[in-house]
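Data first, discussion second: the structure below is written as structure tokens.
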Amino acid sequence: MTYAATIGFFDGVHRGHRHVISRLKTLAESRGLRSLVITFSNHPMEVVRPGSVPPLLISCEEKLERLRATGVDKVVAYPFDEEMMHRPAREFMEHVLRDELGVRLLMIGYDNRFGRRDPSETFETYVRYGQELGIEVVEGPRPEASGLFEGRPVSSSLIRELIRAGREEDAKALMI
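Take 1 as the starting number for the sequence shown in this note's numbering and just add one per residue.
In structure tokens form, the structure reads like this:
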């Protein structure tokens, strides 16, 4: 199997996430690929900056259920650990995305980074790695493309703010 994939934590599987996944499914279909969402079973901040993990909107099990309910062909959840944090991005793309998962198209946000943080790596660096590895790397939709809520892009952080402010109904509406 070969896949078009996107990667992220997807806390809440909110309206913005569903917009990204919808775009992924469209790209996959147009390229004759299956759609794949790659996520993590634990929040990366648990490893990157312990003690600064934001409160999660939903459990990992619920997240996986919601991701599957979007109609993607496959969902994979990896534990985010020290090895994952220190793995160079090119190595991750080669060994995990290409070799293990069969990814041929990777849709990521313009500001997405994975693997060992290297300040010299940019979106264009990932495009170049992809060209070397046979993975087409494309930019996903900007956060504001899924619509705004009170002038702000829908995000997990925004939903957390709404919950803290006692606006649970607004928060729920963004996660439906």
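Glycine residues also receive a C-beta, built at the ideal position from the N, C-alpha and C atoms.
Could you give the residue range of the beta strand (DSSP E) that holds PHE40?
First-last of the beta strand (DSSP E) with PHE40: 34-40.
Report the three-state DSSP secondary structure of THR122 (helix, strand or coil).
coil
On the criterion of 16 or more Cβ atoms from any shown chain inside 10 Å, does PRO79 qualify as buried, or is it exposed?
With fewer than 16 other Cβ atoms within 10 Å, it is exposed.
For VAL53, name the three-state secondary structure that DSSP assigns.
coil
Going by beta-carbon coordinates alone, are LEU148 and ILE159 separated by less than 8 Å?
no
Could you check whether PHE10 and LEU67 sit closer than 8 Å to each other, using their CB atoms as the reference points?
yes
Take LEU97 and list the residues in its own chain whose beta-carbon comes closer than 6 Å to its own, dropping the five residues that flank it on each side.
VAL103
Decide yes or no for the touch test of the region 126-146 against the region 57-65: beta carbon pairs closer than 8 Å, at least 3 of them.
no
MET93 burial status per 10 Å Cβ neighbour count (16 or more: buried):
Classification for MET93: buried.
Any chance you could list the beta strand (DSSP E) runs of at least 3 consecutive residues sitting entirely within the region 2-38, in chain order?
Listed in chain order, the complete beta strand (DSSP E) runs (minimum 3 residues) inside the region 2-38 are 3-7.
CA nearest to the CA of LEU33, picked from ILE7, SER155, TYR3
TYR3
What residue from GLY134, THR125, GLU121 has the CA that sits closest to GLN95's CA?
The sequence shown places His at residue 95, not Gln. Checking every option, the nearest Cα to that of HIS95 belongs to GLY134.
First and last residue of the alpha helix (DSSP H) that includes VAL48?
For VAL48, the uninterrupted alpha helix (DSSP H) segment begins and ends at 45-48.
Closest by C-alpha distance to THR39, when choosing among VAL75, ARG31, ARG18:
With respect to the C-alpha of THR39, the residue from VAL75, ARG31, ARG18 having the closest C-alpha is VAL75.
When you compare each of ARG18, LEU24, PRO55, PRO50 to GLU161 by their alpha carbons, which one comes out closest?
PRO55
Inspect the beta-carbon positions of VAL13 and LEU36 and report whether they are closer than 8 Å.
No; because the gap between Cβ atoms is not below 8 Å, this pair is not in contact.
Looking at GLY8 and SER155, is the spacing between their C-beta atoms short of 8 Å?
no
In or out: SER157 buried (at least 16 other Cβ within 10 Å) or exposed?
exposed
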